[in-house]
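Numbering (this note's numbering), first residue to last: 38 to 224.
Structure follows, in structure tokens:
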């Protein structure tokens, strides 16, 4: 639990349990790594992260990182191992940097209705064992979003900036909306 103001500056912070922010967390250029061996819950209380890394090595169905409220990542999101649970509490997710899902990483959206907003210059790479992870409702509202692998979404809205498929397959199970001032680049 964070009960005081914390300025992480450039620190590397490893968390084996839950993250409960009861005051102010200033991320700076830090990296927070969730490396527990059981489910972990993240309650940010409005504070953003810089780099957010998941490496939960718990047994199956006990390796979730459960996001309790809005998740804002100003740097990179790396899912090395474990499940990013976005279904339980239906949080909005904002990422400004790259999103990398490695072989033992997964994203669970279930019946989630909140959007995943890419609000910077991001590259999405999904190398997970189960094929492309469903990111649910995705909004590009930054400089750019570029695919470095196939992607699966329920809806895709390009509000601002460029969405570059870079020759990779994109499966959209619902609506694909590209605003007039935005760019959809196929290759």
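Quick reminder that beta carbons are idealized off the backbone N, C-alpha and C, glycines included.
8 Å Cβ shell around residue i - same chain, five flanking residues per side excluded
i: residue 43; result: 60, 61, 62, 63
i: residue 205; result: 184, 185, 186, 187, 188
i: residue 156; result: 131, 132, 133, 178, 179
Cβ-based neighbour list, residue i, same chain, cut-off 6 Å, excluding 5 preceding and 5 following
i: residue 88; result: 68, 112, 113
i: residue 171; result: 146, 189
i: residue 203; result: 183, 184
i: residue 160; result: 135, 183, 185
Within 7 Å, strictly: CB atoms of residue i and residue j
i: residue 162; j: residue 174; result: no
i: residue 66; j: residue 83; result: no
i: residue 165; j: residue 142; result: yes
i: residue 187; j: residue 212; result: no
i: residue 151; j: residue 127; result: yes
i: residue 119; j: residue 91; result: yes
i: residue 115; j: residue 137; result: yes
i: residue 100; j: residue 85; result: no
i: residue 58; j: residue 70; result: no
i: residue 194; j: residue 222; result: no
DSSP state of residue i mapped onto helix, strand, coil
i: residue 170; result: coil
i: residue 95; result: coil
i: residue 126; result: coil
i: residue 87; result: coil
i: residue 202; result: coil
i: residue 223; result: coil
i: residue 186; result: coil
i: residue 179; result: strand
i: residue 61; result: coil
i: residue 46; result: coil
i: residue 217; result: coil
i: residue 165; result: coil
Close Cβ partners of residue i (< 7 Å) along its chain, the five nearest in sequence each way excluded
i: residue 196; result: 176, 177, 178, 216, 219
i: residue 158; result: 179, 180, 181
i: residue 55; result: 77, 78
i: residue 125; result: 103
Limits of the beta strand (DSSP E) - the one that residue i falls within
i: residue 122; result: 114 to 122
i: residue 77; result: 77 to 80
i: residue 156; result: No beta strand (DSSP E) holds residue 156; DSSP gives it neither H nor E.
i: residue 137; result: 136 to 145
i: residue 49; result: 49 to 52
i: residue 108; result: 108 to 110
i: residue 101; result: 101 to 104
i: residue 66; result: Note, residue 66: premise wrong, no beta strand (DSSP E); not H, not E.
i: residue 209; result: 207 to 209
Below 8 Å, can you find three or more Cβ-Cβ pairs linking the region 102 to 110 to the region 76 to 84? In the pairwise beta carbon analysis, the region 102 to 110 is classified as touching the region 76 to 84: at least three pairs are separated by under 8 Å.
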